[in-house]
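Asker: Be aware that the sequence shown starts at 322, since it is given in the working numbering, and climbs by one per residue. In this text, a Cβ means the ideal position worked out from N, Cα and C, and glycines have one as well.
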Amino acid sequence: ADGEEPRATVSKGLNRFIWDMRYPSVSAIPGLPPVLIKPYAKPGTYRVRLTVNGESQVQTFELEVNPNETYSREETDAKGEFWMQLQAKAEEGVQAVLIAKAAQEKVVEAATADGASDELKAQAAVIDELSLDFIGSMVATGTTLVQIISEPTKPLSKLVTLHNIMETSEGPPNQPLREVYARAAAEIDKAIETFSSALETEMAQFDSLAGN
């Protein structure tokens with residue numbers, strides 16, 4: 322599943338593990354379309370470790386660049402570094418969305434509990450709307466393809482598009498691609514900063530009303 326480390330099976334007999342040369346995708350957001358960003362490992366030397374009954378064996382292997390390409394090791398390293406940077410920024414955005422969803426769940430649960438005051442319910446609605454707006458500003462929230470493609474392009478969706486472009490070549494990212502990434506990353510950073518500050522303020526008031 323997304324977000325889990327790939328592992329070999331441990332059934333009796335011969336067990337086989339096939340690595341697709343990709344890193345695991347960013348974390349999943351329950352109830353929303355996946356943000357699929359799974360970089361390919363860059364060319365280089367890797368190690369595989371097999372541990373059985375507490376004893377480990379390690380063997381190295383080499384990932385080679387496509388022989389039809391003419392890129393240097395420095396260029397493929399640059400691509401790998403950029404691709405992982407893109408994935409890390411996407412994960413940062415996803416984690417912020419998960420925080421927003423957790424805040425929604427917390428306030429809705431408290432506001433629907435027996436004895437919840439009108440003031441607590443009103444504050445819960447403020448936080449629910451704040452979180453909903455933030456989530457909608459970061460990632461597609463439609464439940465059908467038509468709904469999704471009808472939405473304005475969200476910053477996490479832009480990162481997915483850049484990821485898809487990275488898959489088509491083994492060369493380093495060009496300047497236009499880097500500029501698109503920089504704008505999307507800045508958009509994510511600003512949205513997270515604004516949301517985090519507002520959520521902290523509103524949650525403090527909510528916790529005060531809830532007696533926490």
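1) Here's the rule: buried if 16 or more other CB atoms are within 10 angstroms of the residue's CB, otherwise exposed. What is residue 346?
2) Which value, in whole angstroms, describes the spacing of the CA atoms of residue 323 and residue 451?
3) Go through its chain and collect everything with a Cβ distance to residue 383's Cβ below 7 Å, but skip five positions before and after it.
4) Quick one, which of 369, 508 and 389 has its alpha-carbon nearest residue 455's?
5) Once the 5 residues before and after residue 505 are set aside, which same chain residues still bring their CB inside 7 Å of it?
6) Using a Cβ-Cβ cut-off of 6 Å (strictly less than) and excluding sequence neighbours within five positions of residue 361, which residues of its own chain qualify?
7) Thinking residue 527 and residue 428 are a contact (beta carbons under 8 Å), I'd like their distance in whole angstroms, please.
8) Helix, strand or coil for residue 375 per DSSP?
9) Which of helix, strand or coil does DSSP assign to residue 407?
10) Just how far apart, CA to CA, sit residue 503 and residue 387?
11) Pick out the complete beta strand (DSSP E) segments inside the stretch 441 to 470, 3 residues or longer, and give them in chain order.
12) Got a sec, what are the start and stop residues for the alpha helix (DSSP H) residue 489 sits in?
13) Out of 532, 496 and 459, point me to the one whose CA is closest to residue 436's CA.
14) Going straight from the alpha carbon of residue 354 to that of residue 453, what length do you get?
15) For residue 415, is the classification buried or exposed, using 16 other Cβ atoms within 10 angstroms of its Cβ as the cut-off for buried?
16) Does the distance from the CB of residue 396 to the CB of residue 493 come in under 7 Å?
17) Three or more beta-carbon pairs under 8 Å between the stretch 397 to 414 and the stretch 373 to 381, yes or no?
18) Assign residue 500 to buried or exposed, taking buried as 16 or more other Cβ atoms, counted over all protein chains shown, within 10 Å of its Cβ.
19) What's the C-alpha gap between residue 334 and residue 381?
Answerer: The structure says:
1) buried
2) Caution applies to residue 323, whose pLDDT of 41 falls short of 50 and renders its modelled position unreliable; the value that the coordinates give is listed next. Rounded to the nearest angstrom, the two C-alpha atoms are 28 Å apart.
3) 366
4) 508
5) 476, 479 and 480
6) 342 and 343
7) 6 Å
8) coil
9) helix
10) 28 Å
11) none
12) Here residue 489 belongs to no alpha helix (DSSP H), and DSSP marks it neither H nor E.
13) 532
14) 15 Å
15) buried
16) yes
17) no
18) exposed
19) 24 Å
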